[in-house]
Amino acid sequence: MTENDAVRAERFASGKEVLDSVHDGPGHNVIDSLADIAPELGHQIVAWGYGDIYSRPGLEPRQRQLVTLGILTALGGSEAQLEVHVGASLNIGLTPEQIIEVFLHSSVYCGFPRALNAVGVAKKVFAERGLLPLA
């Protein structure tokens with residue numbers, strides 16, 4: 008193993024630790040689904056996205072998830088990723104009400120259609136986890 012290979016493996020291991028602390032099955036399924044077509048993309052999501060970026064000091068995991076939810080809502084067309092991150096947000100302690108508040112807040116900046124799409128994704132995840140109805 009070269010030094011470069013060792014650094015690459017270390018970054019992946021660091022990212023995997025962060026990924027494991029945030030995501031459950033659906034988050035890992037994304038990485039697994041890339042193994043036979045784009046394994047390098049899966050590696051970069053773990054090593055760079057989680058190992059280098061998500062693990063940086065300055066924001067707590069809950070804050071990072073709030074940002075992620077807002078960005079995915081604004082982007083639109085990212086409902087599959089939003090579903091994974093709604094689940095991750097619940098995993099790290101955000102409440103369903105806080106998640107819905109993100110979408111309400113996002114509606115001011117990116118419009119009602121995108122906020123409604125995000126709420127639809129959240130409704131699916133909340134229903135799967137037995138969290139409906141919200142008060």
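Those letters in the sequence shown? Residues 8 to 142, by our numbering.
Here a beta-carbon is modelled for each residue, glycine too, at the ideal position from N, C-alpha and C.
Since we're looking at a predicted model, the values are computed, not measured.
Which term fits residue i, buried or exposed, when burial requires 16 or more other beta carbons within 10 angstroms of its beta carbon?
i: arginine 165; result: Shown here, the chain extends from 8 to 142; a query on residue 165 therefore has no answer.
i: phenylalanine 19; result: buried
i: valine 128; result: buried
i: proline 46; result: exposed
i: glycine 58; result: buried
i: leucine 141; result: exposed
i: glycine 94; result: buried
Can you give the Cα-Cα distance for residue i and residue j, rounded to whole angstroms?
i: leucine 73; j: glutamate 10; result: 36 Å
i: tyrosine 116; j: leucine 26; result: 29 Å
i: phenylalanine 119; j: glycine 49; result: 32 Å
i: alanine 16; j: isoleucine 44; result: 20 Å
i: proline 64; j: glycine 34; result: 22 Å
i: serine 40; j: glutamate 104; result: 31 Å
i: arginine 136; j: isoleucine 52; result: 26 Å
i: asparagine 36; j: glycine 56; result: 16 Å
i: glycine 100; j: alanine 87; result: 21 Å
i: alanine 13; j: histidine 92; result: 30 Å
Write down the C-beta distance between residue i and residue j rounded to the nearest angstrom, noting that I regard them as a contact closer than 8 Å.
i: glycine 22; j: alanine 54; result: 5 Å
i: lysine 131; j: glutamate 90; result: 7 Å
Beta-carbon within less than 8 Å of residue i's beta-carbon, same chain only, minus the 5 sequence neighbours each way: which residues are those?
i: threonine 80; result: Leu89, Val109, Phe110, Ser113, Cys117, Arg121, Ala122, Asn124 and Ala125
i: asparagine 98; result: Val29, His30 and Asp31
i: leucine 139; result: Lys130 and Phe133
i: isoleucine 38; result: Leu26, Gly49, Ile52 and Val53
i: methionine 8; result: Ala16
Can you give me the Cβ contacts of residue i inside the same chain, cut-off strictly under 7 Å, excluding the 5 residues immediately before and after it?
i: serine 96; result: Gln72, Leu76 and Ile106
i: serine 85; result: Leu79
i: tyrosine 61; result: Val25 and Arg71
i: glycine 83; result: Arg121 and Asn124
i: arginine 69; result: Ile99, Gly100 and Leu101
Within the region 80-117, ranges of the alpha helix (DSSP H) (whole runs, at least 4 residues)
Counting only runs of 4 or more, we get 86-98 and 103-117.
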